[in-house]
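Following the working numbering, the numbering of the sequence shown begins with 553 at its first residue and continues without gaps.
Okay, so here's the structure we're looking at.
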Amino acid sequence: MKILAFYFSGTGNTAFIVNQLQNSFGKNNVEMECINIENYEATDDDKIASADYLLFAYPVYGAMAPMIMWRFVKQIASHLEDKQAIVIANQMLFSGDGGSYLARILRKCHAQIVAIEHFKMPTNLSDVKMFKVKNGSQAKALALKAEQQIDLFCSDFVKGIRFKRGDGAGSILLGSLLRIPFSKGERKWVKKVKINESKCTRCGKCERECPVEALRLVDGKISQVADCTLCYRCVNRCPDLAISILGKNGPSKRYEGL
């Protein structure tokens with residue numbers, strides 16, 4: 553059995569999960585290759601054809617997949633017909649149908665969904681005061697629970713025990729309660745990355761690390777030149793804590809990842 557995994561990770565949570573999946577599947581004699589969609593190349597198309605299963609992993613935003621992920625799926629749509637697909641979503645709390653959201657897009661590309669799973673991970677919304685950022689031992693405690701769930705998921709999958717969590721009518725309804733208001737806000741948020749110029753030292757790190765090239769250092773000032781994918785990488789990696797997206801001000805502390 554060979555699995556080809558495509559993933560997007562803004563601040564490291566999904567990368568952590570994919571790494572654990574790779575390790576756990578390996579213990580079950582299953583080969584899993586991982587490709588960060590930011591580094592996808594046309595030569596990877598042949599790998600899709602030879603894989604037994606395709607796995608798509610991403611963080612959930614408002615019961616949806618990140619813009620960069622669903623655009624990627626549409627980019628490779630011509631290679632997905634009749635491919636068996638696994639969807640892995642990670643979330644702060646509850647997303648309803650956060651995994652099923654991408655599964656529906658994959659089905660439109662004629663892929664066959666064989667499993668959907670969700671894992672709880674620490675929040676990276678460090679500029680939103682109502683959410684407490686967890687680092688160190690607190691983050692590791694959540695990661696340990698995820699590791700245990702991943703081991704069980706991989707073991708069950710190999711045995712043929714597979715679930716499509718969040719794919720039922722009830723989950724889709726609950727997800728829509730999050731998705732509808734989030735979608736309205738998203739249209740504004742993707743265009744309004746806020747830079748505190750009094751804090752910003754123009755180091756250019758946000759420009760270099762943005763996965764969608766939305767930020768650019770021009771004439772000594774960081775400007776937004778494209779829609780943000782809301783991954784929060786710039787917010788949490790800015791050494792000056794000068795960037796915010798959902799919050800009004802930059803974070804008091806960053807999410808450090810796992």
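Ideal Cβ placement from N, Cα and C applies to all residues, glycine included.
Straight through space, the alpha carbons of Asn801 and Ile600 are spaced by roughly 43 Å. Less than 7 Å separates the beta-carbon of Phe608 from that of Val639. Leu658: member of the alpha helix (DSSP H) spanning 650-660, first to last residue.
Around Met621, the same chain offers Phe560, Ile589, Phe608, Tyr610, Leu654 as residues with beta carbons nearer than 8 Å, after the five sequence neighbours per side are excluded.
With the rule of 3 Cβ pairs closer than 8 Å, the region 571-589 counts as touching the region 695-715. Using a C-beta cut-off of 8 Å, the region 740-754 makes contact with the region 787-795, since at least three inter-stretch Cβ pairs fall below that distance.
Rounded to whole angstroms, the separation of the alpha carbons of Ala695 and Ile702 is 10 Å. In this structure, DSSP gives Asn580 a state outside helix and strand, which the three-state scheme calls coil. Counting only runs of at least 3 residues, the region 741-783 fully encloses the following beta strand (DSSP E) elements, listed from N- to C-terminal order: 767-770, 773-776. Shown here for Gln643: same chain residues with a beta carbon closer than 8 Å to its own, the five before and five after excluded, namely Pro611, Val612, Gly650, His670, Phe671, Lys672, Met673 in chain order. The three-state reading of DSSP puts Val612 in coil, since its state is none of H, G, I, E or B. Note on geometry: alpha-carbon atoms of Lys686 and Thr675 lie some 7 Å from one another.
Exposed is the label assigned to Phe715, since fewer than 16 other Cβ atoms lie within 10 Å of its Cβ. Spanning the alpha carbons of Leu730 and Gly722 requires a straight line of approximately 13 Å. For Leu556, the enclosing beta strand (DSSP E) stretches over residues 554-559.
Check the Cα spacing between Gly772 and each of Glu759, Ser735, Thr781, Pro733: the tightest is with Glu759. Gln643 is bridged by DSSP to Lys672. Residue burial is scored here from C-beta neighbours: Asn591 has fewer than 16 other C-beta atoms within 10 angstroms and is therefore classed as exposed. Leu798 has its alpha-carbon roughly 17 Å from the corresponding atom of Ala617. In the DSSP assignment, Tyr605 forms a beta bridge with Ile555, Gln636.
By alpha-carbon distance to Ser602, the top candidate from Gly727, Ala663, Leu556, Ser735 is Leu556.
In this structure, the alpha-carbon of Ile628 lies about 20 Å from that of Ile668. Rounded to whole angstroms, Leu677 and Lys805 show a C-alpha spacing of 10 Å. Gly718 and Ser728 have their C-alpha atoms roughly 12 Å apart. By the neighbour-count definition (other C-beta atoms within 10 Å, threshold 16), Arg789 is a buried residue.
Closest in alpha carbon position to Phe734, among Gly614, Tyr784, Asp634, is Gly614.
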